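In our numbering, the protein residues as written are 548 to 899. Let me begin by presenting the structure, written as structure tokens, before commenting on it.
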Amino acid sequence: MFKEMLFTPNEFAQLAKLDKNLIPALESNGAIKTHRKRIGNVDRKVLSLEEVQNFFKMLREFDLATHEENMASNMGAGAESAGSAIIVSEAIAAATKHVAAHPSHKAQMFYNVKGGTGKSTLTAQFVMMASLLGYRVLAIDLDGQGHLSVNLDILDAHERPTIYDVLINDLPIDQAIMNVAPGLDLIPANLQLCNIEIPLNNKTRREYRLSEAIAKISDQYDLIIADTNPAASILNGSMLVASDRVNVICATNPLSFHGMSLVMATIEEMQREFRRSLDVKIIPNMYDNREVISQEVLGELRSQFPDHCAKAVINRSADLNEATKRRTTVLDVNTKGTAANDINELTHELLK
Ligand SMILES: Nc1ncnc2c1ncn2[C@@H]1O[C@H](COP(=O)(O)OP(=O)(O)OP(=O)(O)O)[C@@H](O)[C@H]1O
Ligand SMILES: [Mg+2]
Numbered sequence: 548m549f550k551e552m553l554f555t556p557n558e559f560a561q562l563a564k565l566d567k568n569l570i571p572a573l574e575s576n577g578a579i580k581t582h583r584k585r586i587g588n589v590d591r592k593v594l595s596l597e598e599v600q601n602f603f604k605m606l607r608e609f610d611l612a613t614h615e616e617n618m619a620s621n622m623g624a625g626a627e628s629a630g631s632a633i634i635v636s637e638a639i640a641a642a643t644k645h646v647a648a649h650p651s652h653k654a655q656m657f658y659n660v661k662g663g664t665g666k667s668t669l670t671a672q673f674v675m676m677a678s679l680l681g682y683r684v685l686a687i688d689l690d691g692q693g694h695l696s697v698n699l700d701i702l703d704a705h706e707r708p709t710i711y712d713v714l715i716n717d718l719p720i721d722q723a724i725m726n727v728a729p730g731l732d733l734i735p736a737n738l739q740l741c742n743i744e745i746p747l748n749n750k751t752r753r754e755y756r757l758s759e760a761i762a763k764i765s766d767q768y769d770l771i772i773a774d775t776n777p778a779a780s781i782l783n784g785s786m787l788v789a790s791d792r793v794n795v796i797c798a799t800n801p802l803s804f805h806g807m808s809l810v811m812a813t814i815e816e817m818q819r820e821f822r823r824s825l826d827v828k829i830i831p832n833m834y835d836n837r838e839v840i841s842q843e844v845l846g847e848l849r850s851q852f853p854d855h856c857a858k859a860v861i862n863r864s865a866d867l868n869e870a871t872k873r874r875t876t877v878l879d880v881n882t883k884g885t886a887a888n889d890i891n892e893l894t895h896e897l898l899k
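Spelled out as structure tokens, the structure:
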């Protein structure tokens, strides 16, 4: 389970792009906190999810300018004796380069009118990874299938309020929010949401209701990320009004590729209608480099949509299915696997 995840110092070093030999120095300096946990017969040093998050939060508060000044004055004074403190400070300064202080696109939606391309899977993996990196994240499930909720280990969504209650029954949005892990909140979804289109259509300012609701709690989060239903629905249009970026998940197969011109046209039309200018990123998913067709589709995506195609590519991997089954992050399945690496790359790209 994501919220109970533990990291070995080596796994943590890999995640933070730190030299693992520096961990003891960072620990004695207080930059990293660990605790001991009995696993089987062995007493192990581990980091909890919150201990990892705290390190990344500290990185983002680390003042590079002051650090440079301190370094310069240390040099000037020839203070080699400051040894370990300098090494620690340098290590932290280097690590800060890998984390964005503030995500440039706070509200993002994962979208495709085509079903089954991996929207819910990648939304869940992204929000867990971003919260691991210490960002305060709100995930919003906008699909009555409730797959994002399930992916985040919420199995009683049918008993909980959803965005339906907020948009149709005027429930204050904060009452629809639940906590799923340290730093990660969710507005879950259930089947009731499949019936929202007609009542929403009858509301005044229908496409603006969601962004107005989100604006009320926006200050409490660094990221607001929605998984959407596979349709050109009013609900999805509402999220588009609330978003700064649309992440279009495209499976690298011919039909998914064929649907891309329709998706891009739909997004453009909505941008015109709501007078919005959005960043659009296409994320190739389920890529298999042993398949010629997969390579061809990726090549076509890159040549037809050069300004939009993400650098990150998500390979087809059983780890992602396993993570879905275990309702956790791919890091929990296999920290060193391709899927963990792909999701890590994607997360950093989407935070830029
Ligand atoms: N890169 C991948 N490798 C292997 N399996 C994947 C990958 N991405 C997604 N899947 C699997 O594909 C299936 C469909 O994914 P998912 O439910 O995320 O798609 P979706 O776009 O949200 O579907 P819908 O349109 O129904 O909401 C899931 O079983 C998921 O585990
Ligand atoms: Mg889905």
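Using N, Cα and C, we set each Cβ at its ideal position, and we do this for glycine too. Remember, predicted model here, so these are calculated numbers, not experimental data.
Residue i (DSSP reduced to helix, strand or coil)
| i | result |
| --- | --- |
| I840 | helix |
| M605 | helix |
| N862 | strand |
| R583 | strand |
| L695 | helix |
| A857 | coil |
| D889 | helix |
| D590 | strand |
| D826 | strand |
| G663 | coil |
| F821 | coil |
| G884 | coil |
| D721 | helix |
| I701 | coil |
| A578 | coil |
| K644 | coil |
| H649 | coil |
| F559 | helix |
| T613 | helix |
| D566 | coil |
| N876 | Here the sequence assigns Thr to residue 876, which means Asn is not the residue at that position. The answer is coil: DSSP assigns T876 none of H, G, I, E or B. |
Per DSSP, the bridge partner or partners of residue i
| i | result |
| --- | --- |
| C797 | P831 |
| F657 | D774 and N794 |
| L553 | S595 |
| A686 | L733 and I772 |
Boundaries of the alpha helix (DSSP H) in which residue i is found, first to last residue
| i | result |
| --- | --- |
| N726 | Not the alpha helix (DSSP H): N726 falls in the beta strand (DSSP E), residues M725 to A728. |
| M786 | I781 to A789 |
| S758 | R756 to I764 |
| N748 | E744 to N748 |
| E574 | I570 to S575 |
| I710 | I710 to L714 |
| K666 | K666 to L679 |
Beta-carbon proximity of residue i to residue j, cut-off 7 Å
| i | j | result |
| --- | --- | --- |
| V936 | N659 | Outside the displayed span of the chain (548 to 899) sits residue 936, for which this structure offers no information. |
| G681 | Q600 | yes |
| Y768 | L848 | no |
| A728 | K550 | yes |
| S667 | L695 | yes |
| C856 | I890 | no |
| A886 | S864 | yes |
| V844 | F821 | no |
| K567 | N557 | yes |
| K584 | E598 | no |
| H652 | R756 | no |
| V877 | I772 | no |
| S758 | M656 | no |
| G665 | N832 | yes |
| L562 | V593 | no |
| K858 | E896 | yes |
| V880 | E869 | yes |
| T670 | D826 | no |
| G693 | N742 | no |
Interface flag, residue i vs chain D, CB-CB below 7 Å
| i | result |
| --- | --- |
| N832 | Of the protein chains in the structure, only one exists, and it is not chain D. |
Residue i beta carbon near ligand 4 (any heavy atom closer than 6 Å)
| i | result |
| --- | --- |
| H649 | Ligand 4 is absent from the structure shown, which contains only ligand 1 and ligand 2. |
Residue range of the unbroken beta strand (DSSP E) whose run includes residue i
| i | result |
| --- | --- |
| L926 | No answer is possible for residue 926: the residues shown for the chain start at 548 and end at 899. |
Exercise. Okay, do the stretch 729-740 and the stretch 699-710 touch, 3+ Cβ pairs below 8 Å being the bar?
Worked result: Taking a cut-off of 8 Å for Cβ pairs, the stretch 729-740 and the stretch 699-710 touch, as three or more such pairs fall below it.
For this session: For the stretch 801-808 and the stretch 643-657, state whether three or more C-beta atom pairs, one from each stretch, are separated by less than 8 Å.
Result: Contact check between the stretch 801-808 and the stretch 643-657: fewer than three CB pairs, one atom from each, fall below 8 Å, which does not count as touching.
For this session: Would you check if there are 3 or more beta carbon pairs closer than 8 Å linking the stretch 564-571 to the stretch 606-613?
Result: No, because fewer than three Cβ pairs between the stretch 564-571 and the stretch 606-613 fall closer than 8 Å, the two stretches do not touch.
Exercise. Would you call the stretch 773-785 and the stretch 746-760 in contact, with 3 or more CB pairs under 8 Å?
Worked result: Touching, per the Cβ criterion.
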